[in-house]
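Q: Protein chains in written order, with the working numbering: chain A, 258 to 554; chain B, 563 to 856.
1) Using 10 angstroms around the beta-carbon of residue 431 (chain A), count the other beta-carbons present and answer buried if the total reaches 16, otherwise exposed.
2) Given a limit of 9 Å on CB to CB distance, which residues of the segment 514–526 of chain A reach chain B?
3) Check the Cβ-Cβ distances between residue 346 (chain A) and every residue of chain B, and say whether any is below 8 Å.
4) In the DSSP output, what is residue 359 (chain A) paired with across the bridge?
5) Between which two residues does the alpha helix (DSSP H) carrying residue 412 (chain A) extend?
6) Between the segment 265–277 of chain A and the segment 314–324 of chain A, do at least 3 Cβ pairs fall closer than 8 Å?
7) Taking any Cβ of chain A, which residues in the segment 711–731 of chain B have a Cβ under 9 Å from it, in chain order?
8) Are the segment 433–444 of chain A and the segment 463–473 of chain A touching, with three or more C-beta to C-beta distances below 8 Å?
9) Tell me which residues of the segment 679–709 of chain B have at least one Cβ-Cβ distance to chain A shorter than 9 Å, keeping chain order.
10) If you measure beta-carbon to beta-carbon, which residues of the segment 642–673 of chain B are closer than 7 Å to chain A?
11) DSSP three-state call for residue 415 (chain A): helix, strand or coil?
12) Compare the Cα-Cα distances from residue 814 (chain B) to each of B:655, B:716, B:787, B:715 and report the closest residue.
13) Using 8 Å as the threshold, is the C-beta distance between residue 486 (chain A) and residue 504 (chain A) below it?
14) Taking the straight line between their C-alpha atoms, what separation do you get for residue 789 (chain B) and residue 726 (chain B)?
15) How is the beta strand (DSSP E) around residue 263 (chain A) delimited, first residue to last?
16) Classify residue 768 (chain B) as buried or exposed, calling it buried when 16 or more other Cβ atoms lie within 10 Å of its own Cβ.
17) Using 8 Å as the limit for Cβ to Cβ distance, is residue 534 (chain A) near chain B?
18) Go to residue 284 (chain A), then tell me how far its beta strand (DSSP E) extends in each direction, as first and last residue.
19) Answer with buried or exposed for residue 477 (chain A), where buried requires no fewer than 16 other C-beta atoms within 10 angstroms of its C-beta.
20) Where does residue 297 (chain A) land, buried or exposed, given buried means 16+ other C-beta within 10 angstroms?
21) Looking at the unbroken alpha helix (DSSP H) that takes in residue 649 (chain B), where does it start and where does it end?
22) Who are the near neighbours of residue 610 (chain B) in its chain, counting only those whose CB is closer than 8 Å to its CB and skipping five residues on each side?
23) For chain A, is any of its Cβ atoms less than 8 Å away from the one on residue 569 (chain B)?
24) Taking Cβ-Cβ distances shorter than 8 Å, what residues in chain A pair up with residue 624 (chain B)?
25) Indicate the three-state DSSP secondary structure (helix, strand or coil) for residue 467 (chain A) in the structure shown.
26) Report the residue from A:379, A:427, A:289 whose alpha carbon sits nearest the alpha carbon of residue 410 (chain A).
27) In chain order, what residues of the same chain have a beta carbon less than 8 Å from the beta carbon of residue 522 (chain A), not counting five sequence neighbours either side?
28) Would residue 853 (chain B) be called buried (16 or more neighbouring beta carbons within 10 Å of its own) or exposed?
29) So residue 736 (chain B) is in the alpha helix (DSSP H); what residue range does that whole segment cover?
30) Is the segment 670–684 of chain B in contact with the segment 641–655 of chain B, if contact means three or more CB pairs nearer than 8 Å?
31) Going by other Cβ atoms of all chains shown within 10 Å of its Cβ, with 16 needed for buried, is residue 586 (chain B) buried or exposed?
32) Spell out a yes or no on whether the segment 626–642 of chain B and the segment 655–664 of chain B are touching, meaning 3 or more CB-CB pairs, one atom from each, closer than 8 Å.
33) Is the shortest distance between the beta-carbon of residue 584 (chain B) and the beta-carbons of chain A less than 8 Å?
34) Which residues in chain A sit within 9 Å of residue 613 (chain B), going by Cβ to Cβ distance?
35) Within this structure, are the beta carbons of residue 406 (chain A) and residue 365 (chain A) separated by less than 8 Å?
36) Quick one: Cα of residue 320 (chain A) to Cα of residue 836 (chain B), how far?
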């Protein structure tokens, strides 16, 4: 069994869901993000959040994949002040909805004053609602940006044991671990982390508080990154328990702190979920049957 | 069309839902329910309805409601044709909160519910739509029901279409017909729709006959339930199709054809049915009906 704790499924096809389920991915977490095209008003942002909490969750369930969300204002769009103000008004009502496991992904992009303002406001919201946080670390000026993110999180008295720093690499892992945060790695072709480097990191730093995700989205990315990395780890001598921690259990531990995600959700879902969110065949029209493979690990 | 239930006693219905929950949730959850109801009733905090609806599953859990037969009977007394099959306690809590938000003004009530619908996630939408028949001002809630029917999410569609008296009482023929045809189109069941026979109409039969022809041309199977809405309006051509199904169809298809022919007033229908005396007898004795097929 695998969890992909960072997957933008709104940008993915039914083939991806089928392949993920077949490869043993039992749950995905969809953080709210920049969809590639800037939203110009709060209405489209609101509908986006409803979409990932509604249709996307339903779609995943058709393939036997449980779907959870993080809600938040991403750093790029925090630079549109009118939009940002509107999003901050609606965010609390979305953050308490079923299946929301964290505030995220939030953090810095260019590290502008507006990004900083809305990052801090959302940290306060997460602390007040006792929700975990998923942090996007910037692609440019990453090391300083990551460091600054952690400073601000601690300044706002958010417990690092409830915070996942994502898109971590060799340059940032040590500080993230030393300061008590969870470190997530996006195995993403051409940028971010590769599976080979990930194996070395687990060997060098141990599996504790390390998390593998795909961050699959609208770019060239691989929704099977988590199971593929797990396979490579096993081939290169990591123990089954280490692989389980970084590709399944660690993500469950930290995002489970929301009270909205538990192993029972996919191993023994409540009957009401079985009837509504987690089966059916609307997507699988034309005589296909759901392809839900037995978990591999 | 059945008479819409325009006069509703929201207090009595709230008391009923609360009593069902009281027997099924922990004391602290029951206390929370009562607190939320009191806040929502005052209307002082406009966001509280949405917040309470959002928090319901984590406060009261998600176990099946599973009413006793006495409780079901009480439900039908409070609201004729109420069918709670498949409901869960969190859904009932959500319905309770919506009832509490009615302060006598139907327009304001519908508008507030509309704001909740606009932000509702999938589980919330299902609960709100299943609860429609309990709510006052039903004529003002029509846009939410028809939007549910437009959904691409089958459980949301079925929250309106199945085991729910709201469509039968409030949908126009055009809305009703869309719902019935879509039920078949998405591979869902007709049998759980309330009022299916009472609301059969010639236009629906026409749409279904066309749809059946399209399915046949594509070599796809036709749900045996389809003919239930065609039967009273079947012409010679449809009687011939049913006779052919009776001869060559699968077991379920043959049963559907037999039931349809038994309900068809066309003079050729009864002779066609007599070609399958075993099925004719089964229909006649009530051993098969529309609930046993498909």
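Idealized CB from N, CA, C, for every residue including glycine.
What you are looking at is a predicted structure, and each value in this text was computed from that prediction instead of being measured.
A: In this structure, then:
1) Numbered from 1 along the first chain, position 174 holds the residue referred to as residue 431 (chain A). Exposed, because fewer than 16 other Cβ atoms sit within 10 Å of the Cβ of residue 431 (chain A).
2) 516, 517
3) Locating residue 346 (chain A) in the first chain gives position 89, counting from the first residue. Not closer than 8 Å to any Cβ of chain B, the Cβ of residue 346 (chain A) fails to qualify, so no.
4) As a first step, residue 359 (chain A) must be located in the first chain, where it is residue number 102. DSSP lists A:327 as partners of residue 359 (chain A).
5) Along the first chain, read from residue 1 onward, the residue named residue 412 (chain A) stands at position 155. Element bounds for residue 412 (chain A): 399–412.
6) yes
7) 713, 714, 715, 716, 717, 718, 719, 720, 721
8) yes
9) 680, 681, 682, 683, 684, 685, 686, 687, 688
10) 648, 650
11) In the first chain, residue 415 (chain A) corresponds to position 158, counting from 1. Here residue 415 (chain A) sits in coil by DSSP.
12) As a first step, residue 814 (chain B) is located in the second chain; it is residue number 252 there, counting from the start. Of the candidates B:655, B:716, B:787, B:715, the one whose C-alpha sits nearest the C-alpha of residue 814 (chain B) is B:787.
13) For this step, residue 486 (chain A) is matched to residue 229 along the first chain. For this step, residue 504 (chain A) is matched to residue 247 along the first chain. Yes, they are a contact pair.
14) Residue 789 (chain B) sits at position 227 when you count from the first residue of the second chain. Residue 726 (chain B) sits at position 164 when you count from the first residue of the second chain. Taking the straight line from one Cα to the other gives about 22 Å.
15) Numbered from its first residue, the first chain carries residue 263 (chain A) at position 6. Element bounds for residue 263 (chain A): n/a, residue is neither H nor E.
16) Translated into the one-based positions of the second chain, residue 768 (chain B) becomes position 206. When all chains shown are included, residue 768 (chain B) counts as exposed.
17) Counting from 1 along the first chain, the entry for residue 534 (chain A) is found at position 277. Yes, residue 534 (chain A) counts as interfacial toward chain B.
18) For the purposes of this step, residue 284 (chain A) is taken as residue 27 along the first chain, with counting starting at 1. 282–288 is the extent of the beta strand (DSSP E) around residue 284 (chain A).
19) Along the first chain, read from residue 1 onward, the residue named residue 477 (chain A) stands at position 220. By the neighbour-count rule (16 or more Cβ atoms within 10 Å), residue 477 (chain A) is not buried but exposed.
20) Taking the first chain and counting its residues from 1, the one referred to as residue 297 (chain A) is at position 40. It counts as exposed.
21) Your numbering for residue 649 (chain B) matches position 87 in the second chain. Taken as a continuous stretch (DSSP letters only), residue 649 (chain B) belongs to no alpha helix (DSSP H), as it is neither H nor E.
22) Working through the second chain from its first residue, we reach residue 610 (chain B) at position 48. For residue 610 (chain B), where only same-chain residues beyond five positions count, the Cβ hits under 8 Å are 598, 601, 602.
23) Start at 1 with the first residue of the second chain, and residue 569 (chain B) comes out as number 7. Reliability of the predicted coordinates at residue 569 (chain B) is poor, the pLDDT of 42 falling under 50, and no value is obtained from them.
24) Within the second chain, the letter at position 62 stands for residue 624 (chain B). The answer, in chain order, is 527, 529, 530.
25) For the purposes of this step, residue 467 (chain A) is taken as the residue at position 210 of the first chain. Looking at residue 467 (chain A) - three-state DSSP - the assignment turns out to be strand.
26) Your numbering for residue 410 (chain A) matches position 153 in the first chain. The residue with the shortest Cα to Cα distance from residue 410 (chain A) is A:379.
27) What you label residue 522 (chain A) is simply residue 265 of the first chain in a count that begins at 1. Closer than 8 Å at Cβ, skipping near neighbours: 284, 323, 530.
28) The residue given as residue 853 (chain B) occupies position 291 in the second chain. Exposed, since its Cβ has fewer than 16 Cβ neighbours within 10 Å.
29) Taking the first residue of the second chain as position 1, residue 736 (chain B) is located at position 174. Counting along the chain, the alpha helix (DSSP H) containing residue 736 (chain B) begins and ends at 735–747.
30) no
31) Locating residue 586 (chain B) in the second chain gives position 24, counting from the first residue. So residue 586 (chain B) counts as buried.
32) no
33) Your numbering for residue 584 (chain B) matches position 22 in the second chain. By this cut-off, residue 584 (chain B) is not an interface position.
34) Working through the second chain from its first residue, we reach residue 613 (chain B) at position 51. Ordered by position in chain A, the residues that pass the 9 Å Cβ test against residue 613 (chain B) are 349, 350, 353.
35) What you label residue 406 (chain A) is simply residue 149 of the first chain in a count that begins at 1. What you label residue 365 (chain A) is simply residue 108 of the first chain in a count that begins at 1. Contact: yes.
36) Working through the first chain from its first residue, we reach residue 320 (chain A) at position 63. Working through the second chain from its first residue, we reach residue 836 (chain B) at position 274. Using only the alpha carbons, I get a separation of about 46 Å.
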